[in-house]
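Visitor:
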Amino acid sequence: MGKNRDLIDCDKGIIRFSYGGRVRYGLLTGARLRLYEGSPFAGGKPGKKTAPLEKVKILAPCRPSKVVAIGRNYKAHAEEFNSPLPPEPMVFLKPPSSVIGPGQNIILPAFSKRVDHEAELAVVIGKKCRSVTPEEATDYILGYTCLNDVSARDLQKKDVQWARAKGFDTFCPLGPVIALDIDPTKLRVRALLNKKLKQSAKTSDMIFDVYFILSHVSQVMTLNPGDVIATGTPAGVGPMKSGDVITIEVKGIGRLTNPVL
Ligand code: MG
């Protein structure tokens, strides 16, 4: 593993980590993390104590009560599967038990022959949210992180519901940081498989933008602090095999790398 600093692009961000046997949240300030007193998802604020960024083990940046995901939100990705463009955001769920942090193994299930990476920008909810407009959406967003919507493609084609294909343990790598105060509309989302570029698009290519998606989902279900919305993947999805290393990068946020076993 390289340096933690090399995983992070943003100047201002929140990291969840273990240090000295405890799990904490910290606000990134240069080479140190200012420790939160309590959780940033329950009104906690950074205090005076700090931890050195390079000494902590970075974990998934939040513990969502649900991960809401959007299918076919980039035109070129819909086209690669000859799928029609959705008239409204196509919503599905990934279970919280699928979430893993940076560096943790993605485990390939024995009964799938094809497991794909999907590089995505993820929204992290900061405030309880229900029936909001796109204009109000920013008030409920804490920040943004990287997400790999790992998908058992053969099972996805076989099943009508995607719960199985999208829901295996370890199928939702998340992190490494919740970037604060960034513009989500002009970010570059990439996937690198064994350092080779596989996916690359700008978030401005999304069919439905982040604010519209949040508003749309909030008409259906209450979003809780720490919940995550995966905003869809660009073209170029492809299979991963045991021994591979997959990196999801969002420029301006950071890099999320996981080995595949
Ligand atoms: Mg996806």
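Take the sequence shown: its position 57, counted from the start at 1, is 59 in my numbering, and no numbers get skipped. Ideal Cβ positions, reconstructed from N, Cα and C, are used throughout, including at glycine. Computed from a predicted model, the values in this text were never measured in an experiment.
At a cut-off of 6 Å, would you count GLU120 as near ligand 1, judging by its Cβ distance to the nearest heavy atom?
Guide: Counting from one through the sequence shown, the residue named residue 120 turns up at place 118. Checking the Cβ of GLU120 against ligand 1 gives yes.
Visitor: For GLU251, count the other beta carbons within 10 Å of its own beta carbon; 16 or more makes it buried, fewer makes it exposed. Which is it?
Guide: One-based indexing of the sequence shown puts residue 251 at position 249. With 16 or more other Cβ atoms within 10 Å, it is buried.
Visitor: Any heavy atom of ligand 1 closer than 6 Å to the CB of ASP151?
Guide: Position 149 of the sequence shown holds residue 151. The answer is yes for ASP151.
Visitor: Residues bridged to PRO241 by DSSP?
Guide: Position 239 of the sequence shown, counted from the start, is the residue given in the question as residue 241. Answer is ASP118.
Visitor: With a threshold of 6 Å on Cβ separation, who are the neighbours of THR249 within its own chain once the five nearest residues in sequence on each side are excluded?
Guide: Stepping through the sequence shown from its first residue, residue 249 is reached at position 247. Hits under 6 Å: LEU194, ARG257 and THR259.
Visitor: Looking only at its own chain, which residues have a Cβ that is under 7 Å from the Cβ of SER99, when we skip the five neighbours before and after it?
Guide: One-based indexing of the sequence shown puts residue 99 at position 97. Answer for SER99: ASP171, listed in chain order.
Visitor: What's the gap between the Cα of TYR142 and the Cα of LYS130?
Guide: For the purposes of this step, residue 142 is identified with residue 140 of the sequence shown, where counting begins at 1. For the purposes of this step, residue 130 is identified with residue 128 of the sequence shown, where counting begins at 1. Each residue's Cα considered, the two are about 7 Å apart.
Visitor: Whole angstroms are fine: how far does the CA of GLY245 sit from the CA of SER133?
Guide: On the sequence shown, residue 133 is found 131 positions in, with the first residue counted as 1. On the sequence shown, residue 245 is found 243 positions in, with the first residue counted as 1. When rounded, the distance between both Cα atoms is 44 Å.
Visitor: Fully enclosed by the stretch 94-162, which beta strand (DSSP E) runs are 3 residues long or longer?
Guide: Listed in chain order, they are 117-119, 121-127 and 143-150.
Visitor: Using only alpha-carbon positions, find the residue among VAL239, LYS253 and LYS68 that is nearest to GLU81.
Guide: As a working mapping, residue 81 is identified with position 79 in the sequence shown. If we check each option's Cα against that of GLU81, VAL239 comes out closest.
Visitor: Going by the C-beta, is THR235 closer than 6 Å to any heavy atom of ligand 1?
Guide: As a working note, residue 235 is residue 233 in the sequence shown. It does: the Cβ of THR235 is within 6 Å (strictly closer) of some heavy atom of ligand 1.
Visitor: Which of the three DSSP states is assigned to VAL58 in this structure?
Guide: Within the sequence shown, the letter at position 56 stands for residue 58. It is coil, neither helix nor strand.
Visitor: With three or more beta-carbon pairs closer than 8 Å as the criterion, would you say the stretch 99-109 touches the stretch 200-214?
Guide: In short, these stretches do not touch, since the Cβ pair count stays below three.
Visitor: Grab me the residues of ALA232's own chain with a C-beta within less than 6 Å of its C-beta, minus the 5 sequence neighbours each way, in chain order.
Guide: In the sequence shown, the residue the question calls residue 232 occupies position 230. Hits under 6 Å: ALA71, GLU122, ALA124, LEU149 and ASP151.
Visitor: Let me check one thing: in DSSP terms, what residues is MET208 bridge-paired to?
Guide: Translated into the one-based positions of the sequence shown, residue 208 becomes position 206. DSSP, once it has assigned bridges, lists TYR76 as partnering MET208.
Visitor: Report the three-state DSSP secondary structure of LEU9 (helix, strand or coil).
Guide: Within the sequence shown, numbered from 1, the residue matching residue 9 stands at position 7. The answer is helix: DSSP assigns LEU9 an H, G or I state.
Visitor: In angstroms, rounded to a whole number, what distance separates the CA positions of GLY234 and ASP8?
Guide: Looking up residue 234 in the sequence shown gives position 232. Looking up residue 8 in the sequence shown gives position 6. The straight-line gap from Cα to Cα measures roughly 25 Å.
Visitor: Check whether the stretch 47-58 touches the stretch 23-36, counting contact only when three or more Cβ pairs, one atom from each stretch, lie closer than 8 Å.
Guide: Taking 8 Å as the limit for Cβ pairs, the verdict is that the stretch 23-36 does touch the stretch 47-58.
Visitor: Measure the C-alpha to C-alpha separation of LEU199 and VAL262 and round it to an integer number of angstroms.
Guide: Numbered from 1 along the sequence shown, position 197 holds the residue referred to as residue 199. Numbered from 1 along the sequence shown, position 260 holds the residue referred to as residue 262. Looking at the two C-alpha atoms, the distance is approximately 17 Å.
Visitor: Report the three-state DSSP secondary structure of LYS47 (helix, strand or coil).
Guide: Stepping through the sequence shown from its first residue, residue 47 is reached at position 45. DSSP places LYS47 in strand when its eight states are reduced to three.
Visitor: Evaluate the contact criterion for the stretch 176-193 versus the stretch 151-163: three or more CB pairs, one atom per stretch, below 8 Å.
Guide: Cβ pair count under 8 Å is below three, so no.
Visitor: Could you check whether ILE60 and ALA181 sit closer than 7 Å to each other, using their CB atoms as the reference points?
Guide: Against the sequence shown, residue 181 aligns to sequence position 179. Against the sequence shown, residue 60 aligns to sequence position 58. Not in contact: ALA181 and ILE60 (Cβ atoms no closer than 7 Å).
Visitor: Since GLY4 and ALA62 are thought to touch, with beta carbons under 8 Å apart, how far apart are those beta carbons, to the nearest angstrom?
Guide: Here residue 4 refers to the residue found at position 2 when the sequence shown is read from its first residue. Here residue 62 refers to the residue found at position 60 when the sequence shown is read from its first residue. With 8 Å as the limit, GLY4 and ALA62 do not qualify as a contact, their Cβ atoms being about 19 Å apart.
Visitor: Given a cut-off of 7 Å, decide if THR205 and PRO186 are closer than it, judged by their beta-carbon atoms.
Guide: For this step, residue 186 is matched to residue 184 along the sequence shown. For this step, residue 205 is matched to residue 203 along the sequence shown. In this structure, THR205 lies closer than 7 Å to PRO186 by Cβ.
Visitor: How would you label GLN201, buried or exposed, when you count the other beta carbons within 10 angstroms and need 16 or more for buried?
Guide: Translated into positions along the sequence shown, residue 201 becomes position 199. By the 10 Å Cβ count, GLN201 comes out buried.
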